[in-house]
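Using full-length UniProt numbering, count along the sequence shown one by one with no gaps and you end on 200. By construction, the Cβ of each residue, glycine as well, lies at the ideal position given by its N, Cα and C atoms.
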Amino acid sequence: MARSVFRFLSRQSDTVELAGDRHLLRLPRFQDYRQWYALRSESRRFLEPWEPTWRNDELTESAFRTRVIRNEQEFSSGQAVPLLVFARAAGGEATLLGGLTIGYIRRGAAQCCMIGYWMGERHAGQGHMFGALNLAIPYIFSSLQLHRIEAACIPDNTRSIRLLEKAGFRQEGYLREYLKINGEWRDHVMFSLLAADRQP
């Protein structure tokens with residue numbers, strides 16, 4: 001991580017990019033559809049137990065374009081920073097690994113956000129999302145200047161719980177029927193990370 005670069009690209013007011021030695025996080029683009037479709041479709045059974053019910057048109061190009069436009073609007077309004085996670089490649093096309101969303105950004109007295117993430121099945125368990133979090137967390141605390149990051153996790157999603165704990169998050173509470181996941185209201189465990197938790 002010593003050589004990692006965190007930067008906010010100001011060439012366009014609606015562009016953000018976080019780059020480290022191995023990973024790149026940036027806003028989705030229309031041209032990402034081919035990789036996004038391949039990864040999401042092959043990982044469907046792996047992802048569905050942890051996500052809201054997929055719509056019938058979930059994987060269509062038109063739905064993806066609508067998603068990209070909505071993501072841009074949410075970012076421009078300061079509501080969210082929806083990022084795709086890529087493995088960096090020297091001189092070649094970066095490989096899409098998954099996604100990480102900094103959402104529900106609240107200012108005022110809260111100065112807080114919620115993060116969510118997904119990883120393609122063939123890339124899971126290889127440390128990629130931990131690397132992505134290590135890029136996103138400093139951006140949240142330094143560039144966005146937020147005080148607190150929250151993450152809600154289904155209790156039996158042990159892989160995600162281990163990831164959050166490894167990244168320094170602390171368990172705070174148990175939320176009954178918090179989100180409707182894959183057609184069912186599911187309990188969640190709430191985790192949080194404070195800016196002070198990352199101080200040396």
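- Based on the DSSP output, what are the partners of M114 in its beta bridges? As a position in the sequence shown, residue 114 is number 114, starting the count at 1. Per DSSP, G103, E150.
- Which class does F6 belong to by DSSP, given the choice of helix, strand or coil? By 1-based counting over the sequence shown, the position of residue 6 is 6. Residue confidence is low: F6 scores 40 on pLDDT, short of 50, so the model does not pin down where it sits. Its coordinate-derived value is still stated next. DSSP places F6 in strand when its eight states are reduced to three.
- Query: Under three-state DSSP, which class holds P138?
  - Reply: Residue numbering aside, residue 138 sits at position 138 when the sequence shown is read from its first letter. Here DSSP, grouped into helix, strand and coil, assigns P138 to helix.
- For S192, which of helix, strand or coil comes out of DSSP? The residue labelled residue 192 in the question sits at position 192 within the sequence shown. DSSP places S192 in strand when its eight states are reduced to three.
- Query: Residues in its own chain within less than 7 Å of F8 by CB, not counting five upstream and five downstream?
  - Reply: Position 8 of the sequence shown holds residue 8. Low local confidence applies: a pLDDT of 38 at F8 is under 50, so the model's placement there is unreliable, and no value is given.
- With contact counted as at least three CB pairs below 8 Å, one residue from each stretch, are the region 52 to 59 and the region 147 to 166 in contact? no
- Nearest to A195 by alpha carbon, out of G183, E150, K180? One-based indexing of the sequence shown puts residue 195 at position 195. Out of G183, E150, K180, E150 has the C-alpha closest to the C-alpha of A195.
- Query: In whole angstroms, what separates the C-alpha of V85 from that of H147?
  - Reply: If you number the sequence shown from 1, residue 85 lands on position 85. If you number the sequence shown from 1, residue 147 lands on position 147. Separation of V85 and H147 (C-alpha to C-alpha, rounded to the nearest whole angstrom) is 23 Å.
- Query: Helix, strand or coil for R67 per DSSP?
  - Reply: Against the sequence shown, residue 67 aligns to sequence position 67. Here R67 sits in helix by DSSP.
- Query: Can you tell me the Cα-Cα spacing of L135 and I154, whole angstroms?
  - Reply: Within the sequence shown, residue 135 is the residue found at index 135, counting from 1. Within the sequence shown, residue 154 is the residue found at index 154, counting from 1. Spanning the two alpha carbons is a distance of roughly 24 Å.
- Separation of Q126 from L47, as counted between CA atoms: Stepping through the sequence shown from its first residue, residue 47 is reached at position 47. Stepping through the sequence shown from its first residue, residue 126 is reached at position 126. About 16 Å.
- Message: Need the endpoints of the alpha helix (DSSP H) that R44 sits in, please.
- Response: Indexing the sequence shown from 1 puts residue 44 at position 44. Note, R44: alpha helix (DSSP H), 44 to 47.
- Query: Residue range of the beta strand (DSSP E) that E165 falls in?
  - Reply: Stepping through the sequence shown from its first residue, residue 165 is reached at position 165. Per DSSP, E165 belongs to no beta strand (DSSP E); it is in the alpha helix (DSSP H), 158 to 166.
- Item | Per-residue DSSP class, three states only, for D187 | Along the sequence shown, one-based indexing puts residue 187 at 187. Looking at D187 - three-state DSSP - the assignment turns out to be strand.
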